[in-house]
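A.B. asks: Each residue of the sequence shown is one higher than the one before, counting from 25 in the numbering used here.
I am attaching a structure below and will ask some questions about it afterwards.
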Amino acid sequence: MTETIALGTPAVRRPRIPTRQGQGYFIRTFGCQMNEHDSERIAGLLEADGMVPVDRPERADVVILNTCTIRENADERLRGYLGALRAIKRDHTGMQIAVGGCMAQKDREGIAGGAEWVDVVFGTHNTHRVVDLLDHAAEWGPITEILDETESVEAMPSALPAHRRSPHTAWVTITIGCNNSCTFCIVPAVRGREISRRPGDILAEVRQLAESGVTEVTLLGQNVNSYGRDLELNGRRPLFADLLRRVGAVDGIRRVRYTSPHPKDFREDVAAAMAETPAVCEQLHLPLQSGSDRILAAMHRGYSAARYLEKLAMAHRTIADLTVSTDIIVGFPGETDEDFAATLDAVAEARFDGAFTFQYSPRPGTPAATMDDQVPRAVIQERFDRLVALQNYIGLQRNQRLVGRTLEVMVEGPSRKDEAVVTSRTRGGLPLHVDGKHPAGSYLDVTVTRAAPHHLLGSRLP
Ligand code: SF4
Numbered sequence: 025m026t027e028t029i030a031l032g033t034p035a036v037r038r039p040r041i042p043t044r045q046g047q048g049y050f051i052r053t054f055g056c057q058m059n060e061h062d063s064e065r066i067a068g069l070l071e072a073d074g075m076v077p078v079d080r081p082e083r084a085d086v087v088i089l090n091t092c093t094i095r096e097n098a099d100e101r102l103r104g105y106l107g108a109l110r111a112i113k114r115d116h117t118g119m120q121i122a123v124g125g126c127m128a129q130k131d132r133e134g135i136a137g138g139a140e141w142v143d144v145v146f147g148t149h150n151t152h153r154v155v156d157l158l159d160h161a162a163e164w165g166p167i168t169e170i171l172d173e174t175e176s177v178e179a180m181p182s183a184l185p186a187h188r189r190s191p192h193t194a195w196v197t198i199t200i201g202c203n204n205s206c207t208f209c210i211v212p213a214v215r216g217r218e219i220s221r222r223p224g225d226i227l228a229e230v231r232q233l234a235e236s237g238v239t240e241v242t243l244l245g246q247n248v249n250s251y252g253r254d255l256e257l258n259g260r261r262p263l264f265a266d267l268l269r270r271v272g273a274v275d276g277i278r279r280v281r282y283t284s285p286h287p288k289d290f291r292e293d294v295a296a297a298m299a300e301t302p303a304v305c306e307q308l309h310l311p312l313q314s315g316s317d318r319i320l321a322a323m324h325r326g327y328s329a330a331r332y333l334e335k336l337a338m339a340h341r342t343i344a345d346l347t348v349s350t351d352i353i354v355g356f357p358g359e360t361d362e363d364f365a366a367t368l369d370a371v372a373e374a375r376f377d378g379a380f381t382f383q384y385s386p387r388p389g390t391p392a393a394t395m396d397d398q399v400p401r402a403v404i405q406e407r408f409d410r411l412v413a414l415q416n417y418i419g420l421q422r423n424q425r426l427v428g429r430t431l432e433v434m435v436e437g438p439s440r441k442d443e444a445v446v447t448s449r450t451r452g453g454l455p456l457h458v459d460g461k462h463p464a465g466s467y468l469d470v471t472v473t474r475a476a477p478h479h480l481l482g483s484r485l486p
């Protein structure tokens with residue numbers, strides 16, 4: 025049996041004596057950047073309690089699965105992974121398994137009831153309590169703890185210690201939750217209403233990161249352009265554009281990125297702040313989702329394809345050398361051949377540098393999951409293949425325009441495929457593979473020698 029405990033206010037973090045010195049932990053993250061960021065915070069909390077990371081679950085005393093409900097097949101992948109962990113736990117006395125994240129928030133009973141070898145199920149709003157929950161479960165048995173709403177910015181992921189993957193780049197949470205109601209999306213149900221973090225807290229974190237050697241930050245929120253709607257400072261709402269300018273002015277920060285803006289809320293003031301703040305990168309991820317006005321309305325996106333393209337044109341006019349990526353869902357319920365043709369038209373006009381393309385699959389708990397006219401899988405696959413072919417063609421053309429140009433990159437580390445090459449990123453966010461060995465975190469000027477649809481190759485200036 026799994027116990028569910030009721031809570032009053034979310035626990036205020038209190039100093040604790042590390043009790044898990046030397047124990048190993050392993051975290052498997054499913055899903056988006058928000059989840060990656062939460063996992064870094066969970067790692068930070070476990071390490072503050074004396075634990076050390078290990079490279080596989082077989083060597084871990086604690087395994088954390090940080091789940092997602094947005095990406096396709098996430099449920100199946102989680103179930104499969106939990107099944108494998110059951111066998112590992114049988115041979116490993118004392119191992120604890122905790123499942124957190126969006127799926128846990130939404131379907132705690134489904135997880136806890138279907139996998140009795142799970143020790144802790146915790147939601148997105150009580151990540152900060154993970155160590156307490158593991159201790160409680162060790163003493164009293166399996167436990168589920170889910171908060172319905174984030175009631176305090178104590179629970180903001182960025183307010184917690186972190187174990188970051190890179191010492192040179194960092195994500196900084198500026199909002200959690202979302203006030204929109206896109207009909208395919210589970211985020212409003214699992215992450216709750218939008219809460220903005222105060223600008224002073226964000227800037228303090230960015231300064232601290234800069235002092236520790238970070239030179240690139242990515243501001244993170246479900247809809248960053250609505251930042252500050254729930255705040256009032258000196259009689260006025262803080263604006264995302266002002267935040268960009270202030271973060272970009274922090275000493276030591278050379279690159280500022282952000283994700284994700286919502287097209288309906290993306291305005292001239294943000295584009296101007298991007299253009300006028302040298303540290304803010306010329307990169308925009310603006311999710312289109314569909315090029316059909318009928319489907320956009322059914323998705324509750326709040327804009328038309330024409331309005332989206334106008335905003336994109338405004339961004340290109342305002343920000344020189346802008347790199348743009350997008351998200352597109354293929355096969356949303358009711359999508360006809362004409363609707364899909366409108367998406368292809370919009371993609372051809374927008375000429376994105378990159379696109380994250382998704383085949384629609386119903387996410388339980390979302391309005392779209394119960395809509396009539398679900399599109400057959402074979403039709404979705406065929407449309408998806410056509411979209412990917414078009415975008416690959418456009419992406420290659422866009423990248424070819426950069427051949428011969430010299431771009432500033434930041435080195436991420438050695439390439440996984442070729443030791444003689446490092447992987448780096450341009451200011452526009454494009455991966456650029458560079459000949460030679462160069463330290464991670466260093467900035468280089470690189471001349472682009474070749475282009476592919478999804479990356480560039482280049483050499484350092486002699
Ligand atoms: S804006 Fe829409 S897609 Fe994005 S998190 Fe909010 S509801 Fe989901």
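Glycine residues also receive a C-beta, built at the ideal position from the N, C-alpha and C atoms.
Everything numeric in this text was worked out from a predicted model, so none of it was measured.
#1: For residue 429, which residues does DSSP report across the bridge?
#2: Hey, is residue 209 close to the ligand SF4, as in C-beta under 6 Å from one of its heavy atoms?
#3: For the beta strand (DSSP E) containing residue 467, list its first residue and its last residue.
#4: Drop a sphere of 10 angstroms on the beta-carbon of residue 490, count the other beta-carbons inside from all chains shown, and report buried for 16 or more, exposed for fewer.
#5: Quick check on residue 86: does DSSP put it in helix, strand or coil?
#6: Within 10 angstroms of its Cβ, does residue 364 collect 16 or more other Cβ (buried), or is it exposed?
#7: State the DSSP-derived secondary structure class of residue 112, mapped to helix, strand or coil.
#8: I want to check one thing, is the minimum distance from the CB of residue 20 to the heavy atoms of the ligand SF4 below 6 Å?
#9: Kindly identify the DSSP beta-bridge partner or partners of residue 196.
#10: Opposite residue 388 in the DSSP bridges: which residues?
#11: With a threshold of 6 Å, establish whether the CB of residue 59 neighbours any heavy atom of the ligand SF4.
#12: Is any heavy atom of the ligand SF4 found at a distance shorter than 6 Å from the C-beta of residue 129?
#13: Is it the case that the CB of residue 548 approaches a heavy atom of the ligand SF4 more closely than 6 Å?
#14: Please determine whether the Cβ atom of residue 249 lies at a distance below 6 Å from any heavy atom of the ligand SF4.
#15: Closer than 8 Å is the cut-off here; do at least three beta carbon pairs connect the region 398-407 with the region 434-449?
#16: Helix, strand or coil for residue 332? Go by DSSP, reduced to three states.
#17: For residue 175, which three-state DSSP category applies?
#18: On the CB-based measure, 16 or more other CB atoms within 10 Å of its CB, does residue 466 come out buried or exposed?
#19: Any heavy atom of the ligand SF4 closer than 6 Å to the beta-carbon of residue 206?
#20: Short of 8 Å in beta carbon distance, which residues of its chain neighbour residue 173, apart from the five on each side in sequence? Order them along the chain.
#21: How long is the line joining the alpha carbons of residue 318 and residue 463, rounded to whole angstroms?
#22: For residue 236, count neighbouring C-beta atoms within 10 Å of its own C-beta (all shown protein chains included) and say buried if the count is 16 or more, exposed if not.
#23: Answer yes or no: do residue 420 and residue 381 have a C-beta to C-beta separation smaller than 7 Å?
#24: Just the C-alpha distance for residue 397 and residue 221, rounded to the nearest angstrom, thanks.
#25: For the beta strand (DSSP E) containing residue 52, list its first residue and its last residue.
#26: Check whether the Cβ atoms of residue 72 and residue 106 lie closer than 7 Å to each other.
#27: Express the C-alpha separation of residue 308 and residue 144 in angstroms, rounding to a whole number.
#28: Round the Cβ separation of residue 193 and residue 240 to the nearest angstrom and send it over; I've been treating them as touching at under 8 Å.
#29: Report all residues from its chain with a CB closer than 6 Å to the CB of residue 250; omit the five preceding and five following residues, and keep chain order.
#30: Give the straight-line distance between the Cα atoms of residue 407 and residue 55, rounded to the nearest whole angstrom.
#31: Got a sec, what are the start and stop residues for the alpha helix (DSSP H) residue 61 sits in?
#32: Apply the 10 Å Cβ neighbour rule to residue 57 and answer buried if 16 or more other Cβ atoms are within range, or exposed otherwise.
#33: What's the C-alpha gap between residue 426 and residue 59?
#34: Is residue 246 near the ligand GDP, with its Cβ less than 6 Å from a heavy atom?
#35: Please classify residue 480: is it buried, with 16 or more other beta-carbons within 10 angstroms of its beta-carbon, or exposed?
C.D. replies: Put simply:
#1: For this step, residue 429 is matched to residue 405 along the sequence shown. As far as DSSP is concerned, residue 429 takes part in no beta bridge.
#2: Start at 1 with the first residue of the sequence shown, and residue 209 comes out as number 185. Set against 6 Å, the gap from the CB of residue 209 to the closest heavy atom of the ligand SF4 is smaller.
#3: Counting from one through the sequence shown, the residue named residue 467 turns up at place 443. Going by DSSP, residue 467 is part of the beta strand (DSSP E) stretching over 467-475.
#4: An answer regarding residue 490 cannot be provided, because it is not within the stretch 25 to 486 covered by the chain.
#5: Position 62 of the sequence shown holds residue 86. Three-state DSSP puts residue 86 in a strand.
#6: For the purposes of this step, residue 364 is taken as the residue at position 340 of the sequence shown. Under this definition residue 364 is a buried residue.
#7: As a working note, residue 112 is residue 88 in the sequence shown. Here residue 112 sits in helix by DSSP.
#8: In the structure as shown, the chain starts at 25 and stops at 486, and residue 20 therefore has no counterpart that could be examined.
#9: Here residue 196 corresponds to residue number 172 of the sequence shown, with the count starting at 1. The partner list for residue 196 (beta bridge, DSSP) reads 243.
#10: The residue you call residue 388 lines up with position 364 of the sequence shown. The partner list for residue 388 (beta bridge, DSSP) is empty, contrary to what the question assumes.
#11: Taking the first residue of the sequence shown as position 1, residue 59 is located at position 35. Short note on residue 59: C-beta not closer than 6 Å to any heavy atom of the ligand SF4.
#12: As a working note, residue 129 is residue 105 in the sequence shown. Answer for residue 129: no, Cβ out of range of the ligand SF4.
#13: The structure shown has nothing for residue 548, since the chain only spans 25 to 486.
#14: What you label residue 249 is simply residue 225 of the sequence shown in a count that begins at 1. For the ligand SF4, not one heavy atom lies less than 6 Å from the Cβ of residue 249.
#15: Taking 8 Å as the limit for Cβ pairs, the verdict is that the region 434-449 does not touch the region 398-407.
#16: On the sequence shown, residue 332 is found 308 positions in, with the first residue counted as 1. Assignment of residue 332 by DSSP, reduced to helix, strand and coil, places it in the helix class.
#17: Walking along the sequence shown from the start, residue 175 turns up at place 151. Residue confidence is low: residue 175 scores 41 on pLDDT, short of 50, so the model does not pin down where it sits. Its coordinate-derived value is still stated next. Shown here, residue 175 sits in coil according to DSSP, grouped into three states, outside any helix or strand.
#18: The count along the sequence shown starts at 1 and reaches residue 466 at position 442. Residue 466 is classed as exposed because its beta carbon has fewer than 16 other beta carbons within 10 Å across all chains shown.
#19: Here residue 206 refers to the residue found at position 182 when the sequence shown is read from its first residue. Yes.
#20: To locate residue 173, count along the sequence shown from 1; it is residue 149. Confidence is the limiting factor: at residue 173 the pLDDT is only 45, short of 50, which leaves the residue's position unreliable, though a coordinate-based value still follows. The beta carbon of residue 173 sits closer than 8 Å to those of 149, 216, 217, all from its chain and outside the five residues before and after it, given in chain order.
#21: By 1-based counting over the sequence shown, the position of residue 318 is 294. By 1-based counting over the sequence shown, the position of residue 463 is 439. One C-alpha to the other measures close to 50 Å.
#22: Position 212 of the sequence shown, counted from the start, is the residue given in the question as residue 236. Exposed.
#23: To locate residue 420, count along the sequence shown from 1; it is residue 396. To locate residue 381, count along the sequence shown from 1; it is residue 357. Taking 7 Å as the Cβ cut-off, residue 420 and residue 381 do not qualify as a contacting pair.
#24: Residue numbering aside, residue 397 sits at position 373 when the sequence shown is read from its first letter. Residue numbering aside, residue 221 sits at position 197 when the sequence shown is read from its first letter. C-alpha of residue 397 to C-alpha of residue 221: approximately 40 Å in a straight line.
#25: The residue given as residue 52 occupies position 28 in the sequence shown. Where residue 52 is concerned, the enclosing beta strand (DSSP E) stretches over 48-53.
#26: Against the sequence shown, residue 72 aligns to sequence position 48. Against the sequence shown, residue 106 aligns to sequence position 82. Residue 106 sits away from residue 72, with the two beta carbons spaced by 7 Å or more.
#27: Here the question's residue 144 lines up with position 120 in the sequence shown. Here the question's residue 308 lines up with position 284 in the sequence shown. Taking the straight line from one Cα to the other gives about 38 Å.
#28: Position 169 of the sequence shown, counted from the first residue, corresponds to residue 193. Position 216 of the sequence shown, counted from the first residue, corresponds to residue 240. Under the criterion of beta carbons closer than 8 Å, residue 193 and residue 240 qualify as touching, at roughly 4 Å.
#29: The residue you call residue 250 lines up with position 226 of the sequence shown. Once the five neighbours on either side are set aside, the close Cβ partners of residue 250 are 289.
#30: For the purposes of this step, residue 407 is taken as the residue at position 383 of the sequence shown. For the purposes of this step, residue 55 is taken as the residue at position 31 of the sequence shown. Computed Cα separation, rounded: 24 Å.
#31: Reading the sequence shown from its first residue, position 37 is the one you call residue 61. First-last of the alpha helix (DSSP H) with residue 61: 57-72.
#32: Indexing the sequence shown from 1 puts residue 57 at position 33. Around the CB of residue 57, fewer than 16 other CB atoms lie within 10 Å, so the residue is classed as exposed.
#33: As a first step, residue 426 must be located in the sequence shown, where it is residue number 402. As a first step, residue 59 must be located in the sequence shown, where it is residue number 35. Those two C-alpha atoms are separated by around 33 Å.
#34: Looking at this structure, you won't find the ligand GDP anywhere; what it does contain is the ligand SF4.
#35: Against the sequence shown, residue 480 aligns to sequence position 456. Residue burial is scored here from C-beta neighbours: residue 480 has at least 16 other C-beta atoms within 10 angstroms and is therefore classed as buried.
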